Amino acid sequence: MLNISKQEFEKLVEQALDGLPAKFKSKLNNAAIFVQDKPTSAQLNKMKLKRGDLLFGLFEGYAQAKRLNFGPVLPDRITIFRKAILSQCVTKNELKQKIIATVRHEIAHHFGSDERGAAKAARVVKSLKN
């Protein structure tokens with residue numbers, strides 16, 4: 001298991017966001033990105049998971065494709081879970097790729113993709129040379 005500081009991990013998440021294609025970055029509206037060590041009990045319950053199950057990221061909100069324009073709303077929340085990702089990585093390159101895949105997966109949910117579509121968006125990462 002790789003172990004890096006929360007600040008370094010957050011920097012890698014920022015780099016993953018910066019690396020998004022411009023057409024997605026420009027449409028990423030009303031979304032806040034967070035890094036937490038692990039999911040809360042409420043988040044695990046929402047996903048029907050139990051403590052110990054791995055959750056790399058979580059989108060909480062209303063997908064843009066399904067959103068109605070009814071005025072100001074709280075931002076959608078995308079949370080990237082540091083300890084779960086670190087537990088699956090041995091090298092820094094693996095860590096970067098897992099973070100990129102997780103960020104893209106959760107952003108795909110923000111745009112309205114179901115789990116299958118979000119997984120496809122994350123697989124594109126394997127063809128990237130970062």
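All residue numbers for the sequence shown refer to our numbering, where the first residue is 1 and numbers rise by one. Don't be surprised by glycine CBs; every beta carbon is placed ideally from N, CA and C. Quick caveat: nothing in here was measured; it's all calculated off a predicted structure.
Open item on the list: Per DSSP, what are the beta-bridge partners of G57 in this structure?
Closed with: Here the question's residue 57 lines up with position 57 in the sequence shown. DSSP lists I80 as partners of G57.
TODO: Under 8 Å by Cβ, that's how I've got I80 and F59 pegged, so tell me the actual separation to the nearest angstrom.
DONE: Position 80 of the sequence shown holds residue 80. Position 59 of the sequence shown holds residue 59. That pair is no contact at about 11 Å.
Task: Among L28, L55, K48, A42, the one whose alpha carbon lies nearest that of K83 - done: The residue labelled residue 83 in the question sits at position 83 within the sequence shown. Closest option to K83, Cα to Cα, is L55.
Task: Alpha carbon of S26 to alpha carbon of Q43, nearest angstrom - done: As a first step, residue 26 must be located in the sequence shown, where it is residue number 26. As a first step, residue 43 must be located in the sequence shown, where it is residue number 43. Rounded to whole angstroms, S26 to Q43 spans 28 Å at the Cα level.
TODO: Put A32 into one of helix, strand or coil per three-state DSSP.
DONE: To locate residue 32, count along the sequence shown from 1; it is residue 32. The three-state reading of DSSP puts A32 in strand, counting E and B together.
Task: For L44, the first and last residue of its enclosing alpha helix (DSSP H) - done: Mapped onto the sequence shown, residue 44 falls at position 44. Taken as a continuous stretch (DSSP letters only), the alpha helix (DSSP H) holding L44 covers 41 to 46.
Open item on the list: Taking its Cβ as the centre, do 16 or more other Cβ atoms sit within 10 Å of R116, making it buried, or is it exposed?
Closed with: As a first step, residue 116 must be located in the sequence shown, where it is residue number 116. Taking a 10 Å sphere around the C-beta of R116, we find fewer than 16 other C-beta atoms and assign the residue as exposed.
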